[in-house]
Amino acid sequence: MHAPPPPARRSTATRLARLLLWLAALGLLALAALWAWHQPFLERPRTLWELSRLPPPASLPVPVQGVAAGRIADTFGAPRGADREHAGVDIFAARGTPVVSTTRGVVVAIRERGLGGRQVWVYGPAGEHHYYAHLDNWAPALAEGDVVQPGTVLGTVGNTGNARTTPPHLHYGIYGRDGAVDPLPRMRTAR
Ligand SMILES: [Zn+2]
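Numbering (UniProt numbering), first residue to last: 1 to 191.
1) Would you verify that the beta carbon of N162 is, or is not, closer than 7 Å to some beta carbon of chain C?
2) When you compare only the Cα positions, how much space is there between R113 and G105?
3) Is the closest heavy atom of ligand 1 to the C-beta of D90 under 6 Å?
4) Cutting at 7 Å between CB atoms, please list the residues of its own chain near P98, excluding the five before and the five after it.
5) Put T14 into one of helix, strand or coil per three-state DSSP.
6) Per DSSP, what kind of secondary structure is F41 in: helix, strand or coil?
7) If we ignore side chains and look at the alpha-carbon of each, how far apart do V181 and G173 end up?
8) Near G70, which residues of its chain fall below 8 Å by C-beta distance, leaving aside the five closest residues on each side in sequence?
9) DSSP puts H129 in a beta bridge; with which residues?
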């Protein structure tokens, strides 16, 4: 047989007071975190987090002002040279026509490079990346990290990159987790 343990020194009331103090501190911490989460300096991570939890949009507007979805040729997957397929659609319009974001998103890249020439990449709903290429120019105030909405101007239609020998057009592509997705069916379901 063991001797019974000595009686606790601290009273139940003291323990309860300590517990309440801890809970109050945790509550304050949670409030502070919530407040910070909604401050402008955390808008980008908050938007990225919210976007990653959204489903992919079933319908999308046409990203070139004044162009109807019915006028866009279905060229997704068409062969381009010996070893490449067209991973998007080409939307023809006069040089300088505004190119707008189709979704809410975060601008993750603004650059001039390779086939796409002057391009903008937007991280959108469901973590899909939207690729706007061959731009004549970028929207003057646009910067990497910007949060954009559907209709935010990203740049203007041009023929930079490997489009330099073709009439001005926007190459628009969507890349999901499993690779390129055809944007055209989504634009055709939009009204
Ligand atoms: Zn193209």
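No residue lacks a Cβ here, since even glycine has one placed at the ideal position from N, Cα and C. Note that this is a predicted model, so its numbers are computed, not measured.
According to the structure data:
1) Going by chain labels, chain C is absent from the structure shown, which holds only one protein chain.
2) R113 and G105: Cα-Cα distance of roughly 22 Å.
3) It does: the Cβ of D90 is within 6 Å (strictly closer) of some heavy atom of ligand 1.
4) Cβ neighbours of P98 within its own chain (closer than 7 Å, five residues either side excluded): Q65, V153, T156.
5) DSSP places T14 in helix when its eight states are reduced to three.
6) If DSSP states are grouped into helix, strand and coil, F41 belongs with the helices.
7) Cα-Cα distance, rounded: 7 Å.
8) Taking C-beta separations shorter than 8 Å and ignoring five residues to either side along the sequence, the partners of G70 in its chain run R188, following chain order.
9) Answer is Y123, Y175, bridged to H129.
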